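Novice: Using my numbering, you'd call the opening residue of the first sequence number 85 and step up by one each time.
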Amino acid sequence: MSETPKKKPGTLARLPRGFVDRDAAEIAGVNAMLETIRGVYELYGFEAVETPAIEFTDALGKFLPDQDRPNEGVFSFQDDDEQWLSLRYDLTAPLARYVAEHFDALPKPYRSYRSGYVFRNEKPGPGRFRQFMQFDADTVGSASPAADAEICMMAADTMEELGIARGDYVVRVNNRKVLDGVMEAIGLGGDENAGRRLTVLRAIDKLDKFGPEGVKLLLGAGRKDESGDFTKGAGLDEAQIEKLLLFVSPSENYYYSVPVGDQTRLIDDDADVEVKEIPLLRDLFKGDVRAYYDSLGLLGRWGHLLQDSPVGTAAVHELNEIVSLVRASGYGSKRIRIDPSVVRGLEYYTGPVYEVELTFPVTNEDGLVVRFGSVAGGGRYDGLVARFRGEEVPATGFSIGVSRLAAALKSLGKLGAEKPVGPVVVLVMDRDQVAEYQKMVSELRAAGIRAEMYLGSSGMKAQMKYADRRNAPAVIIQGSNEREAGEVMIKDLVAGAEAAKTITDNAEWRAARPAQFAAKRGELVEKIRELLAGR
RNA sequence: GCAGCCGUAGCUCAGUUGGUUAGAGCGCCAGAUUGUGGCUCUGGAGGUCCCCCGUUCGAGCCGGGGCGGUUGUACCA
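Structure (structure tokens):
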């Protein structure tokens, strides 16, 4: 007795960082979300296909892990036969493997969708986890910008089906080849400048985060963050920076151009009216380059700036086609727009890239207002399947970050974050009557009503607390009194809680026993059904 | 990875110039109430003061190192 009982050391109940448990409310909410997304994709004619969570490491397009840091970025391990395997870090690379493996049997173009967990071995942050869910849709085997346009429209539809209002999100579109063309134009072409091009692209990607001033620093000498840490810049000169910023500065005018006869006409994005012809405009603004570009809108400006670059010109044409396709279907610039700051995945994208951004302020768990930013993204990856086959296979697709989007929907109140209604609980009043209680449960279950018998060993008060905690709609009480009368006592917990709000006195509370009624034992199922139907 | 801030009960946090047995609120469990959720009251359980080393007669507090968390930044297939 004198000895204090030492607590056994035991195993620490803890989760590695970047991983989360999901409770019933969360699962229900996300499942509803997945069903909604699936509905939109099916409507667009996409079909389901799934691949496993583990692939050969090289199939994911990842270099083999080196000895010292085999898990840098990707969770990897060696199989019995010493081949390297990895947990997938996205759903696109595995799809490319799938398509390549079943190429002859698949209809092409091949539209498919899939959802699942992906894994990244990196530092987690707010809204960033090491295991998270993605929902992808891809079209493989079509090089047409119509395939890209379709994905963008589907992305917009998905957001609205999920309850995000028009104007609270935007699908931003860019083209990797446009960026390549610009690099060339400022003298950053060629293999020897590959490293600097990367730095420049990354700087442009930060445009909406740091603004033009911050990007200017990153393109030049470098930038210091608020903790005092310094990020080295791209080291461009004033003229190059000026040109780049002119190129990527957003335009108030969302025009796109359509050929009419041998002329090109500008069409206003939203109003869908013809504006003016380019040759006229060029004369009008002679001498004022900025004003001229502004009047052209983004695509007009780009077309002009890139007129000497074949790649850039082709890219602008692609964007023009995407825009005119989505406009023709009624998707205005509030929903889908060209945005110069979209860079994305620096590795495998080869053409149009897109990103879905939420534009409304989100209040996080700590009550702070944060910009939520990107919840989905994708683009064209014509080279990915080619890694498995000799020939290039054009493909485009996008990926929704389900976990992130779920958090945003929760903040909007569009995700059922309510605790799901629990089962009807049959209390155990007398231990020797367990068989009878179990029979009640069976009758309810046979009638399709969620029900359970209390399986613990505590007294009635604890059983009531249990039912409360389960969010049970009702409990069934049968003690000796009721049993002798051939009855059961049914207590409506929701109505009871409501009634109790006005009772402050303890004696009254105990005497009142609100919202409960006796029913004949034979009418149990019927009465419960009525009670639940009243909800 | 780099930089800043922070680690005391399940949670949120007090804790004096370094000094006896480390506290509060909330939550949890039980009783008041033979068989009724809430309120109230009473009682109870719950601590490696993140870890290790050092300084000291003495460390939750001071010093060094590590680990963990968080924020910014980098990376993001």
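Glycine included, each C-beta is placed from N, C-alpha and C at the ideal position.
These figures come from a predicted structure and were not determined experimentally.
Is it true that the stretch 228-239 meets the stretch 197-210, where meeting means three or more beta-carbon pairs spaced less than 8 Å apart?
Specialist: In short, these stretches do not touch, since the Cβ pair count stays below three.
Novice: Hey, could you find the ends of the beta strand (DSSP E) K192 is sitting in?
Specialist: From DSSP, K192 is part of no beta strand (DSSP E); its letter is neither H nor E.
Novice: Specify the secondary structure class of Y128 as computed by DSSP and reduced to three states.
Specialist: The answer is coil: DSSP assigns Y128 none of H, G, I, E or B.
Novice: State the DSSP-derived secondary structure class of L365, mapped to helix, strand or coil.
Specialist: With a pLDDT of 48 at L365, under the threshold of 50, the modelled position of that residue is not reliable, and no figure is offered here.
Novice: Could you check what DSSP says for E310 in three-state terms: helix, strand or coil?
Specialist: Of the three classes helix, strand and coil, the one that applies to E310 here is coil, per DSSP.
Novice: May I ask you to list the residues that DSSP assigns as paired with Q215?
Specialist: Q215 is bridged to F203.
Novice: Determine the direct distance from the alpha carbon of L99 to that of P93, and round the result to whole angstroms.
Specialist: Residue placement at P93 is flagged as unreliable, the pLDDT there being 47, under the threshold of 50; the coordinate-derived value follows with that caveat. The alpha-carbon atoms of P93 and L99 are separated by roughly 17 Å.
Novice: Does DSSP classify K290 as helix, strand or coil?
Specialist: In this structure, K290 counts as coil in the three-state DSSP scheme.
Novice: Taking the continuous beta strand (DSSP E) assigned at I612, which residues delimit it?
Specialist: That residue, I612, is in no beta strand (DSSP E); its alpha helix (DSSP H) goes 608-617.
Novice: Since I believe G461 is in contact with Y432 (beta carbons under 8 Å), could you give me their beta-carbon distance rounded to a whole number of angstroms?
Specialist: Not confirmed; about 13 Å, so no contact.
Novice: Under 8 Å between the Cβ atoms of E527 and V609?
Specialist: Yes; because the gap between Cβ atoms is below 8 Å, this pair is in contact.
Novice: Which value, in whole angstroms, describes the spacing of the CA atoms of E520 and V512?
Specialist: When rounded, the distance between both Cα atoms is 10 Å.
Novice: Which same chain residues end up closer than 6 Å to Q151 when comparing Cβ atoms and leaving out the 5 residues on each side of it in sequence?
Specialist: Reliability of the predicted coordinates at Q151 is poor, the pLDDT of 49 falling under 50, and the value obtained from them is presented with this limitation in mind. Taken in chain order, the list of residues that qualify is empty.
Novice: Going by the DSSP bridge assignment, what does N258 pair with across the sheet?
Specialist: According to DSSP, which records beta bridges pairwise, N258 is partnered with V437.
Novice: Give the range of the beta strand (DSSP E) segment to which I138 is assigned.
Specialist: I138 -> beta strand (DSSP E) spans 138-140.
Novice: May I have the straight-line CA-CA distance separating D589 from K549, to the nearest angstrom?
Specialist: Roughly 20 Å separates the two Cα atoms.
Novice: What are the boundary residues of the alpha helix (DSSP H) that S393 is part of?
Specialist: That residue, S393, is in no alpha helix (DSSP H); it is neither H nor E in DSSP.
Novice: According to DSSP, what are the bridge partners of L169?
Specialist: Answer is F140, F161.
Novice: With distance defined between alpha-carbon atoms, name the residue in S487, E582, R473 nearest to Y182.
Specialist: It is R473.
Novice: Let me check one thing: in DSSP terms, what residues is A602 bridge-paired to?
Specialist: Bridge partners of A602: M573.
Novice: Using three-state DSSP, classify T120 as helix, strand or coil.
Specialist: Reduced to three states, the DSSP call for T120 is helix.
Novice: Around the Cβ of V104, are there at least 16 other Cβ atoms within 10 angstroms (buried) or fewer (exposed)?
Specialist: With fewer than 16 Cβ atoms within 10 Å of its Cβ, V104 is classed as exposed.
Novice: Alpha carbon to alpha carbon, how far is E126 from A177? Give it in angstroms, no decimals.
Specialist: C-alpha separation (whole angstroms): 22 Å.
Novice: Among all the DSSP beta bridges, which residues are the ones paired with I484?
Specialist: DSSP, once it has assigned bridges, lists F219, A460 as partnering I484.
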